[in-house]
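Residues in the sequence shown are numbered consecutively from 7, following the numbering used here.
A virtual CB, placed ideally from N, CA and C, is assigned to each residue, including glycine.
Keep in mind the model is a prediction, meaning the values are calculated, not measured.
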Amino acid sequence: MRRCLVIDDDPIAATFLVDLISAHGWNVDQARSLAQAEACLALHGYDCLLADRRLPDGDGVQWLRGRTQTATWPVSMRCLVTSGDALTVDELPRGVAQLRKPIDVDQLFEWLTGDREQPTGAAASVPSGASWSETPLLDDSAALKKFGGRSEALTALRTMLRDELTAGAQWRAQLDLRPPPAAVLEPLHRLRAACALTGCPRLGELSATLESTLRAGQGAEAVLLQAFQRCVHETLEHLAGHARP
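Below, the structure is given as structure tokens:
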């Protein structure tokens, strides 16, 4: 059986990838850090490796750049960076592909099966403010498509998202500070990807807009912050009664 290593410390993103790839007949291991990845590589041989860029003990791209040049690196193992950041060809280690988050399922499997060496997926564009109210809170059909119609897998991830939103009140409160601390960027980045995987498009759009604004060094306008906080509350209410599609 083909074996894949997923290196990602984001519980929702990692669960999505492990569940999805396993459902297609792969044996999948998960590492939540580069140290855990090294331990897995010492124990098993892998056909493919998927690594997030932002990991608790380092940068996945820099780690791959160094490790792929060592004599002990398995040259037959195909490697993919999964990140919301746009990387140039020069930034990627030689022979390493990239698929931007949120993950395009079709392109992921084209790469896993060897039909495509370099996925071309791009992250969703940042919407204009006028579109927020027009975007649905939940989109069951789009989310179920990612899971091949397996509602139980989507329900599990939506439950994880609901728990993370409930536990995230402290960092969201820091968005009201002027300026917000840099520490809020990482949970915003993860929330954007989690919403794409779980079919919560309105909160995903607002998270993307807010993250983009803050990373550009701009202060978020009150109307954007209010729309984001209101959408979190509404999404939690809907997930409480509608986690199962």
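Query, Result
"Rounded separation between LEU242 and ASP14 - CA only", "25 Å"
"Cα-Cα separation, LEU150 to ARG156", "7 Å"
"8 Å contact criterion, which LEU93 and GLN75 should meet: CB distance rounded", "Between GLN75 and LEU93 the Cβ distance is about 18 Å, and since that is not below 8 Å, they are no contact."
"Start-to-end residues for the beta strand (DSSP E) that takes in ILE109", "Per DSSP, ILE109 belongs to no beta strand (DSSP E) and is neither H nor E."
"Residue nearest to ALA162 in terms of C-alpha spacing, selected from THR204, ALA228, THR88", "THR204"
"Whether LEU70 touches CYS85 by CB criterion (7 Å)", "yes"
"Bridge partner(s) assigned by DSSP for VAL24", "Bridge partners of VAL24: none, in fact."
"Continuous alpha helix (DSSP H) assignments of at least 4 residues falling wholly in the region 144-229", "146-152, 157-173, 175-179, 191-204, 207-221"
"Which listed residue (VAL67, TRP79, GLU97, THR165) has its alpha carbon closest to that of LEU47", "TRP79"
"Reduced DSSP secondary structure (H/G/I, E/B, other) of GLN42", "helix"
"ARG196 versus ASP16: straight-line alpha-carbon distance, rounded", "7 Å"
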